[in-house]
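Numbering (my numbering), first residue to last: -8 to 417.
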Amino acid sequence: MLDPKLLRQSAADVAANLARRGFDFDADAYLVLEERRKALQVETEQLQGERNASAKRIGKAKAQGEDIAPLLAAVKDLGERLDAGEKALQDVQAELRDIELGLPNLLADDVPTGTTEEDNTEVRRWGEPVDLGFAARDHIALGEGLGQLDFDAASKISGARFVVMKGPLARLQRALIQFMLDTHTGEHGYTEAYVPYLVKSQALIGTGQLPKFEEDQFKTTGESPFYLIPTAEVPVTNLAADVIFDADALPQRIVAHTPCFRSEAGSHGQDTRGMIRQHQFEKVELVQFVAPDASMAALEELTGHAETILRKLELPYRTVTLCSGDIGFGSTKTYDIEVWLPGQGRYREISSCSNYNDFQARRMKARRRNPGTGKPELIHTLNGSGVAAGRALIAVMENYQREDGGIRIPAVLQPYMGGLTAIEPV
RNA sequence: GGAGAGAUGGCUGAGUGGUCGAAAGCGCUCCCCUGCUAAGGGAGUAAGGGUUAAAAGCCCUUCGAGGGUUCGAAUCCCUCUCUCUCCGCCA
């Protein structure tokens, strides 16, 4: 959510910024509504003040044994006027809130303007795509060739966009997850967290998936349904909801491994084969709570933490700044890390690292005490994949494949694989 | 799943219809005093919002959440959520 004060005072500037995203914010309509809110609120609060004053008067009169009948008569119609005013005010405020919850975050100045991923700008590249010396297979051919990746079995059980893994390949994903968690906790100062995978709607409102992206979520039935988390960002970031951190409590860095559930509404036809885009996948997520002036530096740092994983795995990657048309709803600036996939002959997203500044914090009332004034102020939140485990598995398979269909195990993963150095074809 | 108890400010904890945003203690901040010295005294100390260019001031809201009764609700009524205790069941 954007600062309502900013919306009131600089609606046109906000509209101009959001226009870079291709988002149309009707500033004039908002301001009209805002004027109405102002009038109604002033009026309603005045009536409330009257009610409070007269109630006090009646109380005093009664205590002194005076006749309160005339006082009661004087406030006879106050209740009705107050009810009407409060109702009208509530309606306008709800309308304003609906608009505000639907507004994306303001873009940082250095976010490139563009419309599609073609317009993202590369900021750095690490490693060189390896020349395998033979025709690279994709992860599907490799996994099925090993008999350890089974899309048919998954489809029988759950349908499209699921996978069953078996044997060393299943273990390899687990190894990747353990390796990532250990690296982030051991070397990058993150605290590991285990969190719920089912959350209330309020949590998704806090991080920005709701109300706008309802159709992307899986949810349970019932009167107050649970939502399946689309990313650990949701439960982890909401740890800061309604919290006022002590002045010296930030930054906080939290890492969590969770499965992620996405309906992939609107992505029909995209990546239908293989396990690039699944309804269920594993991810290690990095989240940071930082002081308001520290978030841009933290974004660089967090992106570096994710990159470290790929470097240790010796997977070639490039890092891009998402352009205004490709960046996510709540982010002010996002780096995507794209890993080289020989089977596809191109770089594919394996991590997305975003600075939300106070956008999520305002929605979930995540604050800290300002060290100077002692007053509460909104913190900044960041998150990034560190990294997507399913896609990391694909990357390892395709980059470490041998001509015979076997897969070498990256050195850093071997301890997690019981010393295994390769997955051998049968 | 059954029975019971509870939810108040950073914490402990009073408060069963009015002068209560809320006693007292602890903690914290500032000031003063000081060889009864890991002491004493004083003042301050919730959050959000409106009005304002901003501040001050003034006002509004909030005692788990929502609804109701009332001129007036922390206090009465209803619904819900959560926590704790006991029983049952269970990874």
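For each residue, glycine too, the CB sits at the ideal point set by N, CA and C.
Residue i versus residue j - alpha carbon distance
i	j	result
Ala238	Arg358	10 Å
Lys418	Val234	Nothing about residue 418 can be reported from this structure: the residues present for the chain run from -8 to 417 only.
Tyr185	Ser343	21 Å
Gln208	Tyr347	20 Å
Asp284	Leu369	11 Å
Ala247	Val225	11 Å
Glu109	Ser1	31 Å
Gly381	Thr106	28 Å
Arg302	Glu292	15 Å
Ala118	Val417	According to the sequence displayed, residue 118 carries Gly and not Ala. Rounded to the nearest angstrom, the two C-alpha atoms are 31 Å apart.
Val330	Leu313	15 Å
Phe142	Phe153	7 Å
Val83	Tyr188	35 Å
Arg337	Pro307	11 Å
Gln39	Lys53	21 Å
Gln193	Arg264	34 Å
Asn111	Val33	47 Å
Ala64	Gln37	19 Å
Glu230	Tyr181	Residue identity check: residue 230 is Leu in the sequence provided, not Glu. Whole-angstrom Cα-Cα distance: 15 Å.
Thr249	Val5	36 Å
Gly70	Ala85	22 Å
Ser45	Ser254	56 Å
Lys51	Phe204	54 Å
Leu236	Asp349	Residue 236 is actually Phe in this sequence, not Leu. Their backbone Cα atoms lie some 14 Å apart in a straight line.
Inter-residue CB distance, residue i and residue j (contact presumed, cutoff 8 Å)
i	j	result
His130	Met287	Contact doesn't hold; Cβ gap of about 35 Å is too wide.
Met408	Arg162	6 Å
Ile400	Leu384	Going by Cβ atoms, the distance from Ile400 to Leu384 rounds to 12 Å, so no, they are not a contact pair.
Arg42	Leu62	Not quite, the Cβ-Cβ distance comes to about 12 Å (not below 8 Å), so this is no contact.
Glu91	Met(-8)	5 Å
Leu123	Gln392	7 Å
Val121	Asn390	6 Å
Beta-carbon proximity check, residue i vs residue j, cutoff 7 Å
i	j	result
Lys157	Gln139	yes
Leu373	Leu241	no
Ser345	Val102	no
Arg11	Pro95	no
Phe272	Leu219	no
Asn113	Val311	Here the sequence assigns Glu to residue 113, which means Asn is not the residue at that position. Yes, these two residues count as a Cβ contact at 7 Å.
Leu172	Glu183	yes
Lys356	Ala99	no
Leu80	Thr35	yes
Arg(-1)	Glu25	yes
Ala18	Ala3	yes
Gly197	Ala232	yes
Ala127	Pro333	yes
Neighbour-count burial assignment, residue i, 16 or more Cβ in a 10 Å radius
i	result
Ala386	buried
Ala256	exposed
Gly134	buried
Ser322	buried
Leu(-3)	exposed
Ser376	buried
Gly150	exposed
Phe125	exposed
Thr104	exposed
Gln55	exposed
Pro221	buried
Gly199	buried
Best match in the options for proximity to residue i [C-alpha to C-alpha]
i	options	result
Arg28	Val114, Glu77, Ala7, Lys356	Glu77
His371	Gln351, Asn361, Arg360	Gln351
Thr294	Leu277, Leu304, Val281, Ala282	Leu277
Ala7	Asp89, Leu97, Leu73	Leu97
Gly397	Gln405, Ala232, Ile414	Ile414
His175	Met266, Gln271, Arg244	Arg244
Gly363	Ala46, Ala282, Lys53	Ala282
Lys274	Ala297, Val311, Tyr218, Ile59	Ala297
Val403	Leu167, Gly70, Met266	Leu167
Ile318	Leu137, Phe14, Asn390	Phe14
His179	Phe217, Thr212, Ile300	Ile300
Asp(-6)	Asn361, Arg353, Arg360	Arg353
Leu201	Ala46, Leu332, Asp89, Ile59	Asp89
Phe217	Thr228, Phe204, Gly199, Lys191	Lys191
Gln279	Thr249, Ala223, Arg268	Ala223
Leu304	Glu205, Leu9, Gln164, Lys67	Gln164
Gly93	Ile328, Asp327, Phe320	Phe320
Asp395	Gly136, Phe16, Ile59, Ala30	Gly136
The ligand FAD heavy atom lying under 6 Å from the CB of residue i
i	result
Pro221	Ligands in the displayed structure: none, and consequently the ligand FAD is not present.
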